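Take a look at the structure below.
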């Protein structure tokens with residue numbers, strides 16, 4: 227391994243080394259604050275390291291991993307999301323009586339697994355990254371065993387279902403390997419290009435891989451775990467499930483598909499179209515009259531990944547750019563949303579009922595405004611990041627003529643608007659009893675939420691810089 | 017200096033926001049001066065920009081400033097840009113300078129009104145929107161400004177909202193102009209489908225290449241845009257809202273319903289002249305509408321007793337002249353008439369306002385009279401404005417601009433004797449009703465003592481505008497008098513010049529003589545009927561009572577529309593009380609709700625059921641693959 231290989235792998239190495247270092251530190255002394263700072267430092271370093279080695283890229287660091295603009299962009303995005311989740315977690319966890327130090331190790335490992343997925347060019351690293359991510363998430367979802375009873379249930383459900391999905395995925399990989407004799411993406415692509423007749427088995431293999439991916443992205447009909455897990459997990463972990471776990475999988479899906487040219491199989495496109503349509507409609511309809519804000523966000527994430535699959539399916543020049551921009555917009559937005567939930571949660575009790583948000587504006591105007599911005603962005607209202615993301619998807623889809631999917635996207639967005647507005651209306655409803663206005667607590671989380679909200683509006687108003695960056699790094 | 021262009025609309029908007037947000041905490045005087053100061057600052061900037069533009073013209077005589085580009089995706093790149101050329105420069109100068117003096121006047125006029133802060137907030141909002149309209153580089157931004165001025169106009173007509181009639185007038189203006197706006201929006205869609213952009217300079221450059229003269233699409237585009245212009249500029253058949261708009265405070269009438277907003281239609285047609293030139297039939301229609309409107313409104317003005325309604329009909333009539341010029345292809349003549357009209361019509365409204373204020377909000381001219389000795393400044397300035405309105409030869413601005421239109425109606429390539437005759441008849445009526453207005457208000461017996469003398473803040477705007485009404489026309493002289501054509505040279509960089517039939521050149525002097533004679537004849541009629549032999553007017557009134565009422569009510573358009581549109585519509589609304597279309601949406605909502613209930617039953621929380629979901633997915637996948 228040359229020193230340049232080493233440097234290009236730096237983000238992965240930092241995350242791996244930091245998790246081991248943290249274990250050592252915890253073994254010596256349990257200190258929540260120290261572990262927190264070390265985690266923040268590790269993620270910040272990995273984030274910085276993702277932005278630096280762009281000059282060495284593209285670089286095939288090993289048969290398993292490739293470091294190029296694409297994987298570096300995703301690495302930066304995932305690390306940034308991980309960093310925000312960690313900051314949200316610290317204030318969320320402090321009042322709880324748990325052993326919280328290992329929590330941070332698990333977050334580091336989840337981010338590492340996701341970054342591996344983004345850099346993966348081989349079934350081995352694909353599966354390794356996915357499992358590293360999943361195993362950390364099982365534990366994280368069920369982490370609040372002592373304080374919340376539903377946490378364990380959610381963790382177990384997630385574990386069992388994810389294991390089943392992973393089995394399908396592995397079987398699919400095996401089928402592909404059986405036919406192609408290759409595990410590397412490019413090798414499979416080459417086989418497909420040269421093979422004269424393709425057996426049904428290899429396409430079935432791809433189909434089974436879709437199950438694994440569909441489960442992770444919570445596409446309908448593999449979506450049913452989502453709401454339960456989002457509800458049961460601690461709010462910062464729900465944010466992690468919504469962002470880091472989805473981002474890596476989207477990245478590996480984009481790369482795998484472009485390397486093997488999956489667009490050549492109409493039946494796979496049909497499958498994705500069915501799942502995207504079902505997710506958009508199902509996710510939005512399931513959230514419609516839901517009274518639990520965390521479940522609403524869970525269902526909404528199903529719909530949003532459905533939208534993203536529309537961008538992915540467009541397959542044209544704009545597909546990767548549109549999907550990536552959507553993901554960036556979605557990351558920022560959903561982090562703000564779960565950030566507000568985490569911010570309002572106190573110790574044992576999470577602020578998850580719609581009732582908890584009633585007349586929030588009159589009690590905590592700043593928080594209510596931030597949450598409103600996030601919900602409007604989720605609904606795709608102009609001048610927010612969410613609108614530009616959706617517009618970009620629509621433009622990509624229209625260029626490829628995906629009219630049916632675009633129609634469903636538009637119609638389901640309208641349905642979606644209903645439940646986002648329900649929350650907003652609850653927040654602005656006038657208080658029955660003149661509850662005393664809580665003096666805004668200036669906290670790190672508050673500041674972070676404000677920064678993210680500014681970013682959310684900034685991306686909605688001046689999106690061009692981000693679009694250019696994505697075009698240069700990801701699509702280029 | 018040109019880089020400061022964006023500040024010109026931004027400052028009035030900033031004034032609006034300050035007044036809207038801090039209004040309650042500001043003292044009244046401060047609010048009034050913030051409102052006025054923002055327009056003053058804007059006017060100063062506009063003048064500086066104008067000087068810079070004239071002394072060192074930008075390349076191609078146009079300056080474009082892009083403030084913000086939103087996105088650039090798949091060839092779609094909406095941006096906000098301003099575009100300054102000689103046409104928009106004339107408009108911003110008029111809007112800010114005349115606007116400033118009207119604001120100054122309002123400080124005193126609205127002194128005692130409890131809604132003073134609200135008034136200045138709305139006025140600033142209006143000016144900002146109007147400046148956006150004329151500076152917009154794309155039709156989308158222009159439409160934004162267009163609707164913004166509509167909103168400002170609505171708010172200000174209904175300013176004294178406690179009176180239900182005022183609210184009705186405001187709604188009437190809003191709805192009537194919306195009829196035109198709908199046509200205009202359709203026109204924008206048409207232009208977008210044809211050119212793939214709404215960028216004005218791109219469209220005007222591409223239109224002649226893409227469309228041949230008389231092309232069906234060009235005709236439709238021009239017609240639809242014309243619809244918008246007719247609504248905003250109160251031209252036939254959408255003119256009925258303007259007389260009622262006089263319900264607003266008088267400075268509002270001066271600024272919005274005389275000097276600026278109502279000329280937006282003129283601006284739109286001049287700006288899109290490239291499209292209109294490709295539709296000769298629509299051009300002819302514009303000229304005919306202009307001629308018909310100027311006559312109809314002129315006759316109505318002759319019969320009004322409310323001084324503001326006289327001025328309102330006179331405004332409709334004068335804009336009719338501008339439309340006539342536009343239809344003739346005499347672009348710069350239309351803008352020239354806008355330029356002089358803004359001065360003298362604002363002046364007349366402000367003068368009328370001063371009289372009304374002195375007479376305890378009395379609008380009826382028959383209850384005034386003999387005021388010229390009591391209110392000398394108001395009288396002399398009003399006289400200057402009236403002279404300009406009547407187009408008193410040589411010494412007033414109105415003469416030069418109107419003469420130009422009449423000349424092109426006769427000798428222009430699209431002119432004909434009918435249009436010219438209509439213009440001449442209009443000039444006669446204009447002079448007559450102007451004389452009638454001045455005589456009834458300022459001469460004869462005093463019926464009521466004015467108790468309030470205008471203060472300095474009212475006098476300054478009156479004097480300044482009176483001076484401008486006199487000298488404003490000297491920038492452009494008829495060819496046979498002096499070689500002064502600053503205005504048309506200036507506008508020539510943005511608008512094409514009109515061709516004149518060579519053979520008719522010789523008759524220009526004769527036509528001028530005829531026009532002058534017409535004006536004097538009209539003035540004499542007014543003098544004879546209302547000062548010398550008032551009993552003649554009264555007996556004429558008696559013997560033609562039906563005709564008088566017909567004209568007084570604006571040719572029965574309100575009556576007609578009431579029966580043609582309003583009653584059937586309210587009838588339909590009453591019949592459809594339990595809105596049928598609502599059932600569709602209720603059904604949709606209910607359907608979605610029941611879908612929610614069905615789907616949420618799948619969320620059992622049971623693991624085996626969730627695993628079954630994965631199994632179903634696998635089944636779908638394998639089945640579809642096996643079938644392929």
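Residue numbers (the working numbering), protein chains in the order written: chain G, 227 to 702; chain A, 17 to 644.
We put the CB at the ideal spot given by N, CA and C, even for glycine.
Here the structure is a predicted model, which is why all the values come from computation and not from measurement.
Residue j beta carbon less than 8 Å from that of residue i
i, j, result
"residue 363 of chain G", "residue 261 of chain G", "no"
"residue 48 of chain A", "residue 123 of chain A", "yes"
"residue 401 of chain A", "residue 519 of chain A", "no"
"residue 244 of chain G", "residue 334 of chain G", "yes"
"residue 280 of chain A", "residue 249 of chain A", "yes"
"residue 509 of chain G", "residue 449 of chain G", "yes"
"residue 440 of chain A", "residue 265 of chain A", "no"
"residue 502 of chain G", "residue 536 of chain G", "yes"
"residue 168 of chain A", "residue 138 of chain A", "yes"
"residue 307 of chain G", "residue 89 of chain A", "no"
"residue 170 of chain A", "residue 190 of chain A", "yes"
"residue 337 of chain G", "residue 387 of chain G", "no"
"residue 547 of chain A", "residue 445 of chain A", "no"
"residue 632 of chain G", "residue 87 of chain A", "no"
"residue 363 of chain A", "residue 305 of chain A", "no"
"residue 366 of chain G", "residue 318 of chain G", "no"
Bridge partners - residue i, DSSP secondary structure assignment
i, result
"residue 80 of chain A", "A:99"
"residue 518 of chain G", "G:579"
"residue 410 of chain G", "G:348"
"residue 285 of chain G", "G:293"
"residue 92 of chain A", "A:89"
"residue 492 of chain A", "A:501"
"residue 154 of chain A", "A:215"
"residue 322 of chain A", "A:380"
Buried versus exposed call for residue i [16 or more other C-beta atoms within 10 Å across all chains shown]
i, result
"residue 276 of chain G", "buried"
"residue 391 of chain A", "buried"
"residue 686 of chain G", "buried"
"residue 665 of chain G", "For residue 665 of chain G, the predicted model reports a pLDDT of 48, less than 50, meaning its position is unreliable; a value from the coordinates is still stated below. That one is exposed."
"residue 320 of chain A", "buried"
"residue 320 of chain G", "exposed"
"residue 637 of chain A", "buried"
"residue 327 of chain G", "buried"
"residue 620 of chain A", "exposed"
"residue 595 of chain A", "exposed"
"residue 578 of chain G", "buried"
"residue 457 of chain G", "buried"
"residue 539 of chain A", "buried"
"residue 492 of chain A", "buried"
"residue 309 of chain A", "buried"
"residue 592 of chain A", "exposed"
Closer than 7 Å at the beta carbon, the chain A residues around residue i
i, result
"residue 493 of chain G", "640, 641, 644"
"residue 643 of chain G", "Neighbours of residue 643 of chain G on chain A: none; closest Cβ ~12 Å, over 7 Å."
Within chain G, the residues that residue i reaches when beta carbons sit closer than 9 Å
i, result
"residue 92 of chain A", "617, 621"
7 Å Cβ cut-off: residues of chain G touching residue i
i, result
"residue 623 of chain A", "383, 386"
"residue 16 of chain A", "Because chain A here runs from 17 to 644, residue 16 of chain A falls outside it and cannot be looked at."
Where residue i meets chain D, residues with beta-carbon distance less than 7 Å
i, result
"residue 614 of chain G", "The structure shown has no chain D; the protein chains it does contain are G and A."
Amino acids of chain G, ordered along the chain, whose beta-carbon sits closer than 8 Å to that of residue i
i, result
"residue 213 of chain A", "Neighbours of residue 213 of chain A on chain G: none; closest Cβ ~16 Å, over 8 Å."
- Please go through the region 312-366 of chain G and give each complete alpha helix (DSSP H) segment of 4 or more residues, from N-terminal end onward. List check, alpha helix (DSSP H) in window: 327-345.
- Go through the region 211-262 of chain A residue by residue and report every complete run of the alpha helix (DSSP H) that reaches 4 residues or more, in order. Listed in chain order, they are 216-226, 232-248, 257-260.
- In chain order, each alpha helix (DSSP H) run of at least 4 residues that lies wholly inside the region 387-458 of chain A: Entirely contained in the region 387-458 of chain A, the alpha helix (DSSP H) runs reaching 4 residues are, in chain order, 392-406, 413-427, 433-458.
- Message: Runs of 4 residues minimum, wholly inside the region 441-481 of chain G: which ones carry the alpha helix (DSSP H) assignment?
- Response: Whole alpha helix (DSSP H) segments, 4+ residues: 451-458, 461-468.
- Query: Counting only runs that start and end within the region 498-559 of chain A, where is the alpha helix (DSSP H) found for 4 or more residues in a row?
  - Reply: Secondary structure remark: continuous alpha helix (DSSP H) runs of at least 4 residues inside the region 498-559 of chain A, in chain order: 502-507, 524-543, 550-559.
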